[in-house]
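Novice:
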Amino acid sequence: MNVLLNQICFLTALSGVLLKEGLYIIKATEYKMLLTAIWKDWSTDSHSNEFHIMAEYAKKGALLSWFDCGIGVVCIVIFLQLFLTPLVLDIISPMNETRDLLTIYPAYYYIDDRKYRTIINLHMVYTYILGIIVYVGCDTSYMCIVQHACGQLAVAGHRFKNAIFDLSIVNETSAIQDEIHERVLRSIRQHQYAIDYLKTIQSIHSTYLCICIGLVMVTFSVTLVKVSSSTYKFTQFDSNCKYRASKQVAAQSEISAEFIKDVVFLSSQLTHIFLLTIQGQFVQNANDEVTESIYDALWYNSNNKTKLLFVLALRNCLNPPTLSAAGLIILNLKSFSEILKTSVSYFTVLKST
């Protein structure tokens, strides 16, 4: 059972790497369209306020990306520290026999692990770092395009809110009313553009998000079982005083190292699922802000033809675009808490068996 639990965590992590890499290879054409749209949006001549709005969301995407990169670097440092400690101690404080190596992930290479220890170590380090790069690269690109979509929604809301603000109303047949009508039409086009952009993101990532959340739930539940089991063993060992001091120190080091590795792995999974689900919350907030901007606009100072456009825009906001996992889970903070509760429920079932 312990071997199965230990293997499942890393098999699901490997599946996640293949899933993320495969998604952006298969959907390369659609993803290129999203990136091209970002370049065109930044290249278009727009009002300075709109550029400021886009810059704010770009900074938010960059902040989330740096946070994700930081988590990846911390995981690499901690795992490599646990992995390289026996090698360093063999040089600094050698023993009669070589210390056992704490592997980053369980693997069997069908060769003499003592003779080719250095090559195996380098391969494990390379594989682990490469996997982290894939995770961070795919997640940060996903977060950046979602934040750009939120920025486009915010630009649409800004246009709705200020379509009439800086114009003096004369009468319904004046050129001012025609200008207002044109501005509202421009706002609607921008809103529809942002919606279409979000729908493209959803169509690319829908199945991927569903599989990814399923893998994280399985891994999270199994890792919780491993962490709780490690804690139990550590406590039991501390209460047992029959071992010699030298063996006690060695066993405690081994158990604590495994425990630290599992805790770091668990924390990285929690951060991963949080960053994926919170993007849906950002989209919902951006949609709500567009609706509020339409309500806050001085629509009552426009003619009936323009008022009808505001009504149609509000009607369009009743069915806002969302990010979901294959339509089964709407991504937001509520679904994040539900995923955690479900994972903990699976953990209690596994723990009791």
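Under mature numbering (1 follows the signal peptide of the UniProt record, and there is no 0), residues -19 to -1, 1 to 334 are what the sequence shown spells out, in order.
Yeah, the Cβ is synthetic: ideal placement off N, Cα and C, and Gly gets one too.
Computed from a prediction, not measured in an experiment: that's the story for all the values here.
Starting from the Cα of K332, find the closest Cα among T121, K8, V203 and I185 and give me that residue.
Specialist: Within the sequence shown, numbered from 1, the residue matching residue 332 stands at position 351. Comparing Cα-Cα distances from K332 to each of T121, K8, V203 and I185, the minimum goes to V203.
Novice: Could you tell me if V69 is buried or exposed, where buried requires 16 or more neighbouring beta carbons within 10 angstroms of its beta carbon?
Specialist: By one-based count along the sequence shown, residue 69 stands at place 88. When all chains shown are included, V69 counts as exposed.
Novice: Could you check where the alpha helix (DSSP H) with W20 kicks off and where it finishes?
Specialist: Taking the first residue of the sequence shown as position 1, residue 20 is located at position 39. Run containing W20: A9 to S24, per the alpha helix (DSSP H) assignment.
Novice: Based on Cα-Cα distance, which residue from L4, V106, L256 and E270 lies nearest to C50?
Specialist: Start at 1 with the first residue of the sequence shown, and residue 50 comes out as number 69. Among L4, V106, L256 and E270, the Cα nearest to that of C50 belongs to L256.
Novice: Given E270, which residues of its chain have a CB within under 7 Å of its CB, disregarding the five upstream and five downstream residues?
Specialist: Mapped onto the sequence shown, residue 270 falls at position 289. Close CB contacts of E270 within its chain, under the 7 Å cut and outside five residues either way in sequence, are with A135 and G138 (chain order).
Novice: My understanding is that Q260 touches L304, with C-beta atoms under 8 Å, so please give their C-beta distance in whole angstroms.
Specialist: Stepping through the sequence shown from its first residue, residue 260 is reached at position 279. Stepping through the sequence shown from its first residue, residue 304 is reached at position 323. Confirmed, about 6 Å.
Novice: Excluding the 5 residues flanking K286 on each side, which residues of the same chain have their C-beta closer than 8 Å to its C-beta?
Specialist: As a working mapping, residue 286 is identified with position 305 in the sequence shown. Within the same chain, K286 has close Cβ partners H162.
Novice: Could you check where the alpha helix (DSSP H) with H28 kicks off and where it finishes?
Specialist: Translated into positions along the sequence shown, residue 28 becomes position 47. It is not in any alpha helix (DSSP H) - H28 carries neither H nor E in the DSSP assignment.
Novice: Comparing C-alpha positions only, which one of K13, L190, F32 and A267 sits nearest to F317?
Specialist: Mapped onto the sequence shown, residue 317 falls at position 336. Residue L190 holds the alpha-carbon nearest to the alpha-carbon of F317 among K13, L190, F32 and A267.
Novice: Tell me where the alpha helix (DSSP H) around K332 begins and ends.
Specialist: Start at 1 with the first residue of the sequence shown, and residue 332 comes out as number 351. For K332, the enclosing alpha helix (DSSP H) covers residues L314 to S333.
Novice: Rounded to the nearest angstrom, what separates V58 and Y89 at their Cα positions?
Specialist: In the sequence shown, residue 58 corresponds to position 77, counting from 1. In the sequence shown, residue 89 corresponds to position 108, counting from 1. Whole-angstrom Cα-Cα distance: 24 Å.
Novice: Since T303 is in the alpha helix (DSSP H), which residue starts that stretch and which ends it?
Specialist: By one-based count along the sequence shown, residue 303 stands at place 322. Note, T303: premise wrong, no alpha helix (DSSP H); not H, not E.
Novice: Which one of T252, L289, D120 and V199 has the shortest CA to CA distance from K1?
Specialist: Position 20 of the sequence shown, counting from 1, holds the residue named residue 1. Selected option, being the one with the closest Cα: D120.
Novice: Grab me the residues of Q217's own chain with a C-beta within less than 8 Å of its C-beta, minus the 5 sequence neighbours each way, in chain order.
Specialist: Translated into positions along the sequence shown, residue 217 becomes position 236. With a pLDDT of 42 at Q217, under the threshold of 50, the modelled position of that residue is not reliable, and the figure given next carries that caveat. Result list for Q217: empty, nothing under 8 Å.
Novice: Within its chain, find whatever has a CB closer than 6 Å to the CB of L295; leave out the 5 residues flanking it on each side and keep chain order.
Specialist: By 1-based counting over the sequence shown, the position of residue 295 is 314. So the qualifying residues of the chain are I275.
Novice: Kindly indicate which three-state DSSP category I145 falls into: helix, strand or coil?
Specialist: Translated into positions along the sequence shown, residue 145 becomes position 164. Of the three classes helix, strand and coil, the one that applies to I145 here is coil, per DSSP.
Novice: Pick helix, strand or coil for I85, following the three-state DSSP scheme.
Specialist: Position 104 of the sequence shown, counting from 1, holds the residue named residue 85. It is coil, neither helix nor strand.
Novice: Quick check on the burial criterion: 16 or more other C-beta atoms within 10 angstroms. Buried or exposed for K322?
Specialist: Reading the sequence shown from its first residue, position 341 is the one you call residue 322. Classification for K322: exposed.
Novice: Relative to the C-alpha of I113, which residue among Q171, W47, L103 and C56 is closest?
Specialist: Position 132 of the sequence shown holds residue 113. The residue with the shortest Cα to Cα distance from I113 is C56.
Novice: I'd like to confirm the pairing. Which residues does DSSP put opposite I310 in its beta bridges?
Specialist: Here residue 310 refers to the residue found at position 329 of the sequence shown. In the DSSP output, where bridge partners are listed per residue, I310 has A306.
Novice: Taking Y109 and F60 to be in contact with their CB atoms under 8 Å, please state how far apart those CB atoms are, rounded to whole angstroms.
Specialist: Mapped onto the sequence shown, residue 109 falls at position 128. Mapped onto the sequence shown, residue 60 falls at position 79. Contact between Y109 and F60 is confirmed by a C-beta separation of about 6 Å, below the 8 Å threshold.
Novice: Less than 8 Å between C-beta atoms, sequence neighbours within five positions excluded: which residues of the same chain meet that for I192?
Specialist: Numbered from its first residue, the sequence shown carries residue 192 at position 211. Result list for I192: L(-1), in chain order.
Novice: Closest to I22 by C-alpha separation, out of I6, W280 and Q171, would be which residue?
Specialist: Residue mapping note: residue 22 aligns to position 41 of the sequence shown, counting from 1. According to the sequence shown, residue 22 is Asp rather than Ile. Nearest of I6, W280 and Q171 to D22, Cα basis: Q171.
Novice: Compute the Euclidean distance between the alpha carbons of I145 and L309, then round it to the nearest angstrom.
Specialist: As a working note, residue 145 is residue 164 in the sequence shown. As a working note, residue 309 is residue 328 in the sequence shown. Taking the straight line joining both Cα atoms gives about 40 Å.
Novice: Measure the C-alpha to C-alpha separation of Q173 and T66 and round it to an integer number of angstroms.
Specialist: Here residue 173 is taken as the residue at index 192 of the sequence shown, counted from 1. Here residue 66 is taken as the residue at index 85 of the sequence shown, counted from 1. Using only the alpha carbons, I get a separation of about 56 Å.
Novice: Give the C-beta separation of A130 and I185 to the nearest angstrom, bearing in mind that I take them to be a contact with Cβ-Cβ under 8 Å.
Specialist: Indexing the sequence shown from 1 puts residue 130 at position 149. Indexing the sequence shown from 1 puts residue 185 at position 204. At roughly 12 Å, the Cβ-Cβ gap does not stay under 8 Å, so A130 and I185 are not in contact.
Novice: Which same chain residues end up closer than 6 Å to Q128 when comparing Cβ atoms and leaving out the 5 residues on each side of it in sequence?
Specialist: Numbered from 1 along the sequence shown, position 147 holds the residue referred to as residue 128. Take Q128, set aside five residues on each side of it, and the residues of its chain with a beta-carbon closer than 6 Å to its own are Y38, K41 and G42, in chain order.
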